Amino acid sequence: MYAAASGLDLGLGIFLLPAWLVAAVTVGLQPGRRTAGRMRRMSRIALVLSAVALLLTAARLVAYGLLARHGWVFVGDRRLFTTFVMLLPGVIATVVWTVPWLASAARVRLPDRDAPVPLEEQSRARSPRHVVPPRLAAFGGLGCCAQMFLPPDRSFWISLGAYGLLTAAVAGLLVWRAGVRLQRLSTGREIPRRRALAVRLGTAVVVLGTVVGLVNYGIADSRLPHTFSMMKGEADWGGGPAGQHHDMAGGHHMASGTGGADEVSVDELRGPRSGTPDRRFSLTAQAKKVKLASGRTVDAWTYNGQVPGPHLRVTEGDLVEIELRNELPGKTPVTIHWHGVDVPNGEDGVAGATQDAVLPGKSFTYRFRVQESGTRWYHSHQAASEQVDRGLFGALIIEPKKQTRPVDKDVSVLAHDWQTDKGTVSAIGALDELERRRAEPGEKVRIRLTNTSGHTREFAVDGVPYKVTALDGTDVHKPTALKGKKLVLGGGNRMDVEFTMPDGPVRVTDGSAPDAGIVYSPDGKGELKADLSGPAFDPYGYGSPKRTELGPDSDFDRDYKLVFDEWLGFYDGSFGMKQTINGRVFPDTPMLMIKEGDVARVTFVNRGTEDHPMHLHGHHMLVLGKNGKRASGSPMWQDTVLVRPGEEVQVAFKADNPGIWMDHCHNFWHSKLGMVMHLAYDNVTTPYEIGGPVGNKPE
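Below, the structure is given as structure tokens:
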């Protein structure tokens with residue numbers, strides 16, 4: 001419903017400008033007809049066109065009503081001001097003054113259709129109260145059409161005053177201009193044609209010059225500094241006792257600390273430096289041409305020459321050591337982020353925040369002890385919109401110390417979109433064609449679904465009842481059998497599915513690649529058609545409730561509200577759809593400040609048109625509810641929470657892992673367009689910067 005209402009609102013916003021513009025031009029032409037018959041005919045045409053524009057305006061108000069059902073926040077800001085402050089004054093004036101005049105002129109009885117229109121009648125038709133209202137409404141239509149260019153508002157009263165003053169100024173200008181023209185008509189002093197043409201040409205030159213100047217200013221002003229602190233921007237203390245908002249900018253190496261003796265650098269928040277690792281791995285970033293199953297070729301960036309990267313499997317409690325070496329061409333730096341693993345902050349692998357990215361010919365060693373279990377994955381967190389897309393990712397599986405649900409087959413499915421020599425191809429790992437595998441009846445099978453792309457994906461498991469046993473690697477409490485459901489995963493999300501192999505075939509399908517997938521059968525030759533027509537799986541009511549440390553009724557020290565939006569504009573010198581958090585883009589997005597031990601609640605509100613999978617590093621979030629309704633099933637502990645358009649999702653977490661943690665949309669293209677912020681503990685500092693000689697770029 002929200003998507004339909006939002007689309008209707010956008011479409012009507014586009015059509016309102018031409019509708020009111022045509023109506024305004026027609027009303028303006030009506031007084032200029034030289035005969036009574038032509039003037040009456042033009043009055044009728046103007047009346048019809050004004051009625052069409054009024055109907056479109058009414059339809060937009062209906063769309064607002066539909067959006068308001070999701071909450072006032074979804075109709076506020078730009079929609080509120082462009083329609084109610086800029087458009088409706090002209091619309092109301094048109095209904096009160098222009099439409100009655102047009103209706104009267106359209107009904108007049110004419111003894112002689114070819115008789116000239118008296119000057120007095122022309123003067124009445126040119127009255128500002130008749131011609132100005134539709135023009136003012138056209139100005140409001142311009143505001144509605146340009147809505148996506150206007151930044152989300154952060155101050156209601158300041159914005160109300162700004163939009164109101166602008167509308168009043170335009171109304172005054174239109175009334176003055178109409179009055180001048182009426183006076184010229186009455187006195188017979190019309191402007192010579194050459195002078196009028198010169199004025200119009202000069203006006204066009206001024207307007208064009210202004211547009212070019214604004215574009216050049218927008219490009220220059222939007223460019224990010226070559227080097228700047230990640231801590232630049234406004235701090236949000238979440239309503240906690242330490243205060244509300246204050247500016248964090250102003251230093252070279254900005255930090256969240258207050259200058260006290262207890263400050264800690266992220267370089268001190270590392271894993272164990274001594275001790276023999278239980279598992280040791282070496283990952284080398286390399287460029288390589290890789291062939292998918294179909295033979296399509298990918299110019300990939302790989303870990304150890306393969307896509308996805310090596311399958312890393314460790315056990316809960318292990319001390320893990322991973323050496324990253326960079327052999328990519330040119331000056332391309334890389335990192336590794338351990339997605340969903342609550343590592344010490346200095347091991348998080350975020351360029352410019354927890355380390356400098358690793359340049360070609362250099363290396364970096366990550367060491368941490370895993371204190372959790374489940375399905376995780378790893379990927380570069382340096383210019384990730386390019387590097388992850390090209391293949392710098394892989395599976396990380398953490399086995400529990402005690403196996404409670406042993407399986408016979410444990411399969412990782414990493415769904416990805418590849419840029420190949422034949423266009424974009426969706427695949428499961430490197431499988432872009434259907435693959436058949438053997439599985440004996442009665443065998444226990446676990447499928448670990450992972451969405452490594454930015455857009456939301458839908459999966460299906462056909463041919464057998466199954467259970468969803470884990471979300472983002474955390475076990476579901478008492479899962480129940482499912483069949484025929486679409487399994488929806490946002491970018492970065494994981495979902496474990498388990499089933500007992502039947503006598504017939506079972507198919508696992510990624511909806512983005514319906515002709516690919518994996519078919520299990522006893523003889524390895526099974527056939528089964530994919531079915532993605534079922535209803536979506538709802539994790540909010542799945543499984544059984546279980547007592548948790550946090551909950552909706554917890555006493556929260558911090559309470560953050562983050563509203564996601566989008567608007568057209570310049571960002572870092574390029575024009576595009578900027579992705580905003582509370583009306584701002586990185587590095588001016590809110591810095592969420594917290595103290596160790598605090599309990600925080602975050603409300604995510606998506607009033608844009610695209611999905612936002614929000615990923616908080618270093619912590620797991622308990623999903624409390626969606627759209628005002630509490631979660632009723634198994635506790636949902638996730639590191640990445642999918643927030644779809646029109647949704648309001650509440651989560652909670654405990655501040656138990658000190659550091660400076662990235663918090664961003666896991667659609668990396670949204671991160672690239674500004675949807676990045678950080679969670680910063682109040683006593684932690686960082687020596688690293690964005691940009692600089694290494695070129696840190698923490699997408």
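Quick note: the sequence shown, position 68, residue 68 per full-length UniProt numbering, numbers continuous.
C-beta atoms are modelled at their ideal positions from N, C-alpha and C, and glycine is treated no differently.
Everything numeric in this text was worked out from a predicted model, so none of it was measured.
Residue i: first and last residue of the uninterrupted beta strand (DSSP E) it sits in
i, result
"Leu283", "279–291"
"Gly141", "Taken as a continuous stretch (DSSP letters only), Gly141 belongs to no beta strand (DSSP E), being part of the alpha helix (DSSP H) at 128–145."
"Glu443", "Glu443 -> no beta strand (DSSP E), and no H or E assigned at all."
"Ala235", "234–236"
"Val85", "Val85 -> no beta strand (DSSP E), and no H or E assigned at all."
"Asp496", "494–500"
"Ala380", "This sequence places Ser at residue 380; Ala is not what is there. Careful: Ser380 lies outside any beta strand (DSSP E) and carries neither H nor E."
"Arg325", "319–326"
"Val314", "312–315"
"Asn345", "Careful: Asn345 lies outside any beta strand (DSSP E) and carries neither H nor E."
"Val425", "423–428"
"Gln306", "Where Gln306 is concerned, there is no enclosing beta strand (DSSP E), given that its DSSP letter is neither H nor E."
Supposed contact pair residue j and residue i - C-beta distance, whole angstroms, cut 8 Å
i, j, result
"Leu29", "Gly141", "Not a contact, Cβ separation roughly 18 Å."
"Gly543", "His620", "About 17 Å separates the two Cβ atoms, so there is no contact after all."
"Asp356", "Val694", "5 Å"
"Ala24", "Arg135", "4 Å"
"Leu312", "Gly394", "7 Å"
"Pro333", "Leu359", "5 Å"
"Asp410", "Gln638", "Contact doesn't hold; Cβ gap of about 21 Å is too wide."
"Gly511", "Arg436", "In fact, because the Cβ distance is near 20 Å, the residues do not count as touching under 8 Å."
"Gly583", "Pro152", "4 Å"
"Thr276", "Gly490", "That pair is no contact at about 38 Å."
"Asp283", "Pro308", "Going by the sequence as given, residue 283 is Leu instead of Asp. That belief does not hold up - the Cβ atoms of Leu283 and Pro308 are roughly 12 Å apart, past 8 Å."
Proximity to residue i [Cα-Cα], best of the options
i, options, result
"Gly346", "Thr469, Gly618, Gly491", "Gly618"
"Met42", "Leu532, Ala198, Ala106, Val180", "Ala106"
"Lys485", "Asn451, Thr450, Ser533, Lys525", "Ser533"
"Ala516", "Ala178, Ile428, Arg194, Met636", "Ile428"
"Val445", "Val468, Glu458, Glu433, Ser453", "Val468"
"Thr227", "Trp72, Ser453, Asp572, Val684", "Asp572"
"Lys402", "Ile518, Gly317, Glu433", "Gly317"
"Gly674", "Thr589, Asn683, Arg601, Met614", "Thr589"
"Val605", "Arg280, Gly628, Val388, Leu482", "Gly628"
"Val649", "Tyr560, Ala93, Leu214", "Tyr560"
"Pro272", "Gly374, Val75, Val343", "Val343"
"Gly90", "Val132, Leu150, Arg124, His70", "Val132"
"Leu8", "Arg44, Gly37, Leu66, Leu49", "Leu66"
Close-in-space but distant-in-sequence residues of the same chain around residue i (CB under 8 Å, 5 per side omitted)
i, result
"Pro502", "Pro441, Gly463, Val464"
"Met230", "Met254, Gly352, Ala353, Pro587, Ile660, His678, Thr686, Tyr688, Glu689, Ile690, Pro698"
"Leu160", "Phe81, Val85"
"Thr335", "Leu324, Gly349, Val350, Ala351, Gln355, Ala357, Val358, Phe364, Ser380, His381, Gln382"
"Glu566", "Met148, Met577, Lys578, Gln579, Thr580, Gly608, Thr609, Glu610"
"Pro658", "Val264, Leu269, Asn345, Glu596, Tyr681, Asn683, Val684"
"Thr500", "Gly442, Glu443, Lys444, Val445, Val464"
Same chain, Cβ closer than 7 Å to residue i, neighbours up to 5 away in sequence not counted
i, result
"Lys672", "Ser385, Glu699"
"Ala170", "It is worth fixing the name first, because residue 170 is Val in this sequence and not Ala. So the list reads Leu136, Phe139, once near-sequence residues are dropped."
"Lys362", "Asn326"
Those residues which DSSP pairs with residue i across a bridge
i, result
"Leu482", "Tyr466"
"Pro613", "Leu642"
"Asp475", "Ala470"
"Lys626", "Lys629, Val649"
"Tyr571", "Ser574"
"Thr227", "Gly691"
"Gly517", "Leu434"
Residue i, enclosing alpha helix (DSSP H) - first and last residue
i, result
"Gln387", "384–387"
"Ile92", "88–93"
"Trp669", "668–672"
"Thr297", "Unbroken run through Thr297 is the beta strand (DSSP E), 297–303; no alpha helix (DSSP H)."
"Thr26", "2–29"
"Trp101", "99–107"
Neighbourhood of residue i by C-beta distance below 6 Å, restricted to the same chain and skipping five residues each side
i, result
"Gly305", "Gln286, Lys288"
"Val407", "Lys444, Arg446"
"Thr302", "Gln286, Lys288, Gly391"
"Gly541", "Ser632, Gly633"
"Lys654", "Val599"
"Pro552", "Leu624, Arg630"
"Gly14", "With the sequence shown as reference, residue 14 is identified as Ile, and Gly is not the correct amino acid for it. Once the five neighbours on either side are set aside, the close Cβ partners of Ile14 are Cys145."
"Leu17", "Gly141, Leu142, Cys145"
"Phe74", "Leu67, Arg607"
Residue i beta carbon near the ligand ADP (any heavy atom closer than 6 Å)
i, result
"Leu359", "The ligand content of the structure shown is nil, which means the ligand ADP is not present either."
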